[in-house]
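Colleague: Chains as they are written, first to last, in the working numbering: chain A, 59 to 343; chain B, 59 to 343.
Just so it is clear, CB atoms sit at the ideal spot from N, CA and C, and this is done for glycine as well.
Pasting a structure below so you can have a look.
Below, the structure is given as structure tokens:
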């Protein structure tokens, strides 16, 4: 096992790891650009991948689909870590695999189930630490994307003016703590709920990701869009006023001076610098 | 008639006129703040009001509801101008009433029907001219709001990433030419279609108005929000990039650097200066 770990880590030094936040409903055929990118960023045929389907109500079935897909792509090793209870997140064999693997994929389902099982466990601590050190590519789709921030949107609705009661916020897994992620974004008309979430946390950055679309974050903080839809960045850093703290929960919110970017495939945004780049250059219209 | 006109105009000199852009589904009971504001801004008990229900498929019924409401409020004179054909927009008695009245109300329905009947007719020229001179308060709800800009959203959909094919644009009645208005805004999840419209016209200003909400524009360009929901301002004046001109109609749009304000009751925005004000003062959070 030790030899295998060393061998894997040596190979991974050639591969640029990333955090891949996927908006759900990604293409799962052999053509999938997003899943191929995850496979490549995990080490391609040298990849050792962990599938964690804990968000799903049918974890074996849902996780099994990804296992087959990455097997077909040619990953060296794939383990379905079917963690259903918190104590399973402390098992030595699970932790050993997470210490050695090169890619972790969090499936969709219910983000509350995922955080209930994983939060503050050795398993997520290993993942977070190895992601931060660039040793591991982490991808999460739908519920697996929602957990990326410190604050997590766990529910809500659409079809209303922005208001505090239209979004349920709880604590995520804090992989990228500054982000508040929303997924299936334009597909489920979630702009108002993400704005509502940001009103209460204007020190955060809102990231709304459409279906079959990925916000891929490099270790230096550069986010790049991959896929069929858009990634919406809502930056409240210039926000000059909100009535959030004094308005009743079901009453409309005021928010002045949000900066919004809609990014499509190839567009980039630097999370630390707050700058946005077009696919080829920073072009003027 | 001449005496009556002079009398009306003298009384209106005490009343501050406005353009009232209403997001549809406004409260039509006696409690209605928006319709009371229109009544007041038209001269209260000295008001001579024209109801134009041309957008509606049931113009007599729909217009009749507003006639009854303003009668109950105590307007001096109310005429239902049931204009169903363009030639009716040239009739001397219609034009004489529009030259003399102090308030014009455009009902909801289909904005294309409204522009087909009214565009480039003497009737709309009189309304536009008298509104610009501060002689008349003009209100439009739903379809009656959509026609306010030079560019008009005549159809579209939601639940998609912003793209050119999700919004149908045609020519409005140009009362406030710089605006692109969308109504039933958050209620029908129309953020993506308004953004899509603005990509093609970044010299315009997007105004999304929720139901039972009014963007009331004073003669000096100060917009104030009245009502239950929000008015969303999307200002593309700092837009640094869009792929709008080179992307296929159904492919996602990129738009970098939009400035967005969500305004609720009492908030103000200066259309010419691009500045936003909280209800009591320009407060910091």
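Any beta carbon from chain A within less than 8 Å of residue 249 of chain B's own beta carbon?
Modeller: The count along the second chain starts at 1 and reaches residue 249 of chain B at position 191. By this cut-off, residue 249 of chain B is an interface position.
Colleague: Could you please give the first and the last residue of the uninterrupted beta strand (DSSP E) stretch that includes residue 264 of chain A?
Modeller: By 1-based counting over the first chain, the position of residue 264 of chain A is 206. Segment 263-267, the beta strand (DSSP E) holding residue 264 of chain A.
Colleague: Give the secondary structure of residue 61 of chain A by DSSP, where H, G and I count as helix, E and B as strand, and everything else as coil.
Modeller: In the first chain, the residue the question calls residue 61 of chain A occupies position 3. Reliability fails at residue 61 of chain A, whose pLDDT of 38 lies under 50, so the model's placement of it is uncertain and no value is given.
Colleague: Check whether chain A comes within 8 Å of residue 336 of chain B, counting only Cβ atoms and requiring the distance to be less than that.
Modeller: Position 278 of the second chain holds residue 336 of chain B. Yes, residue 336 of chain B lies at the interface with chain A (some Cβ there is under 8 Å from its Cβ).
Colleague: Name the DSSP bridge partner or partners of residue 109 of chain B?
Modeller: Numbered from 1 along the second chain, position 51 holds the residue referred to as residue 109 of chain B. DSSP, once it has assigned bridges, lists B/138 and B/163 as partnering residue 109 of chain B.
Colleague: Starting from residue 174 of chain B, trace the alpha helix (DSSP H) both ways and give me its first and last residue.
Modeller: Residue 174 of chain B sits at position 116 when you count from the first residue of the second chain. Residue 174 of chain B -> alpha helix (DSSP H) spans 169-176.
Colleague: Please determine, among B/283, B/91, B/285 and B/332, the residue with the shortest C-alpha to C-alpha distance to residue 296 of chain B.
Modeller: Locating residue 296 of chain B in the second chain gives position 238, where the first residue counts as 1. Closest by alpha carbon: B/332.
Colleague: Output needed for residue 126 of chain B: all residues of its chain with C-beta closer than 6 Å, excluding positions within five of it in sequence on either side, in chain order.
Modeller: The residue labelled residue 126 of chain B in the question sits at position 68 within the second chain. Excluding positions up to five away in sequence, the list is empty.
Colleague: Can you tell me whether residue 212 of chain A is helix, strand or coil according to DSSP?
Modeller: Here residue 212 of chain A refers to the residue found at position 154 when the first chain is read from its first residue. Looking at residue 212 of chain A - three-state DSSP - the assignment turns out to be strand.
Colleague: For residue 157 of chain B, which residues in chain A fall below 7 Å Cβ to Cβ?
Modeller: Here residue 157 of chain B refers to the residue found at position 99 when the second chain is read from its first residue. None at all; the shortest Cβ gap to chain A is about 38 Å.
Colleague: Could you work out which residues of chain B lie near residue 317 of chain A, taking near to mean beta carbons separated by less than 7 Å?
Modeller: Reading the first chain from its first residue, position 259 is the one you call residue 317 of chain A. Within chain B, the residues whose beta carbon sits less than 7 Å from that of residue 317 of chain A are 315 and 317, listed in sequence order.
Colleague: Run the CB neighbour count on residue 219 of chain B, radius 10 Å, all protein chains shown included, and call it buried at 16 or more, exposed below.
Modeller: Here the question's residue 219 of chain B lines up with position 161 in the second chain. Classification for residue 219 of chain B: buried.
Colleague: Examine chain B for any beta-carbon lying closer than 8 Å to the beta-carbon of residue 90 of chain A, and answer yes or no.
Modeller: To locate residue 90 of chain A, count along the first chain from 1; it is residue 32. Output row for residue 90 of chain A: interface = no.
Colleague: For the beta strand (DSSP E) that residue 254 of chain A lies in, which residues bound it at each end?
Modeller: The residue labelled residue 254 of chain A in the question sits at position 196 within the first chain. Not the beta strand (DSSP E): residue 254 of chain A falls in the alpha helix (DSSP H), residues 249-258.
Colleague: Would you say residue 253 of chain B reaches chain A, if we count a Cβ-Cβ gap shorter than 8 Å as a contact?
Modeller: As a working note, residue 253 of chain B is residue 195 in the second chain. Cβ-Cβ to chain A under 8 Å: yes for residue 253 of chain B.
Colleague: Find the residues of chain A that neighbour residue 320 of chain B, judging by a C-beta separation of less than 7 Å, and give them in chain order.
Modeller: Sequence index remark: in the second chain, residue 320 of chain B carries index 262 (1-based). Here the neighbours are 220, 253, 311, 312 and 313.
Colleague: Flag residue 223 of chain A as yes if its beta-carbon sits less than 8 Å from any beta-carbon of chain D, otherwise no.
Modeller: Among the chains of the structure shown, chain D does not appear; the protein chains present are A and B.
Colleague: So, using beta-carbon positions, are residue 221 of chain B and residue 254 of chain B closer together than 8 Å?
Modeller: As a first step, residue 221 of chain B is located in the second chain; it is residue number 163 there, counting from the start. As a first step, residue 254 of chain B is located in the second chain; it is residue number 196 there, counting from the start. Yes, these two residues count as a Cβ contact at 8 Å.
Colleague: Residue 293 of chain A by DSSP, collapsed to three states: which one?
Modeller: One-based indexing of the first chain puts residue 293 of chain A at position 235. Residue state, collapsed to three classes: strand.
Colleague: Are the stretch 72-84 of chain A and the stretch 186-202 of chain A touching by the rule of at least three beta carbon pairs closer than 8 Å?
Modeller: yes
Colleague: Cβ of residue 161 of chain B within 8 Å of Cβ of residue 113 of chain B?
Modeller: The count along the second chain starts at 1 and reaches residue 161 of chain B at position 103. The count along the second chain starts at 1 and reaches residue 113 of chain B at position 55. Contact flag unset, no.
Colleague: For my contact list, residue 211 of chain B and residue 246 of chain B are in at a C-beta cut-off of 8 Å; report their separation, rounded to the angstrom.
Modeller: As a working note, residue 211 of chain B is residue 153 in the second chain. As a working note, residue 246 of chain B is residue 188 in the second chain. That pair is no contact at about 12 Å.
Colleague: Are there 16 or more other CB atoms within 10 angstroms of the CB of residue 178 of chain A, so buried, or fewer, so exposed?
Modeller: Here the question's residue 178 of chain A lines up with position 120 in the first chain. Residue 178 of chain A should be labelled exposed.
Colleague: In three-state terms, what does DSSP make of residue 272 of chain B?
Modeller: Locating residue 272 of chain B in the second chain gives position 214, counting from the first residue. Residue state, collapsed to three classes: strand.
Colleague: Suppose contacts are defined by Cβ-Cβ distances below 8 Å. Is residue 107 of chain B in contact with residue 136 of chain B by that definition?
Modeller: Within the second chain, the letter at position 49 stands for residue 107 of chain B. Within the second chain, the letter at position 78 stands for residue 136 of chain B. Yes.
Colleague: Please decide whether residue 272 of chain B counts as near chain A, where near means a Cβ-Cβ distance under 8 Å.
Modeller: The sequence position of residue 272 of chain B within the second chain is 214, counting from 1. Interface annotation, residue 272 of chain B: not in contact with chain A, CB-CB separation never under 8 Å.
Colleague: Is the Cβ-Cβ distance between residue 234 of chain A and residue 292 of chain A less than 8 Å?
Modeller: Position 176 of the first chain, counted from the start, is the residue given in the question as residue 234 of chain A. Position 234 of the first chain, counted from the start, is the residue given in the question as residue 292 of chain A. No, the pair does not count as a contact, with Cβ atoms beyond the cut-off.
Colleague: In chain order, what residues of the stretch 191-211 of chain A put their CB closer than 9 Å to some CB of chain B?
Modeller: none
Colleague: Per DSSP, residue 329 of chain B is paired with what?
Modeller: Your numbering for residue 329 of chain B matches position 271 in the second chain. BP columns for residue 329 of chain B are empty, so no partner.
Colleague: Who are the neighbours of residue 216 of chain A on chain B, taking C-beta pairs under 7 Å?
Modeller: To locate residue 216 of chain A, count along the first chain from 1; it is residue 158. Those are 247, listed as they occur along chain B.
Colleague: For chain A, check one thing: does any of its Cβ atoms lie closer than 8 Å to the Cβ of residue 244 of chain B?
Modeller: Sequence index remark: in the second chain, residue 244 of chain B carries index 186 (1-based). Cβ-Cβ to chain A under 8 Å: yes for residue 244 of chain B.
Colleague: What three-state label does DSSP hand residue 319 of chain A in the structure shown?
Modeller: The residue you call residue 319 of chain A lines up with position 261 of the first chain. DSSP places residue 319 of chain A within a strand segment (E or B) once states are collapsed to three.
Colleague: Can you give me the Cβ contacts of residue 60 of chain B inside the same chain, cut-off strictly under 6 Å, excluding the 5 residues immediately before and after it?
Modeller: Here residue 60 of chain B refers to the residue found at position 2 when the second chain is read from its first residue. Low local confidence applies: a pLDDT of 36 at residue 60 of chain B is under 50, so the model's placement there is unreliable, and no value is given.
Colleague: Here's the rule I'm using: 16 or more other beta-carbon atoms within 10 Å means buried, otherwise exposed. How should residue 176 of chain B be labelled?
Modeller: Indexing the second chain from 1 puts residue 176 of chain B at position 118. Its Cβ being crowded by 16 or more others within 10 Å, residue 176 of chain B is buried.
Colleague: Since residue 287 of chain A meets chain B, which of its residues come closer than 9 Å, beta carbon to beta carbon?
Modeller: Along the first chain, one-based indexing puts residue 287 of chain A at 229. In chain order: 218, 219 and 310.
Colleague: Listed from N- to C-terminal order along the chain, which residues in the stretch 295-310 of chain B have their beta-carbon within a distance smaller than 9 Å of any beta-carbon of chain A?
Modeller: 296, 297, 298, 299, 300, 301, 302, 303, 305, 309 and 310
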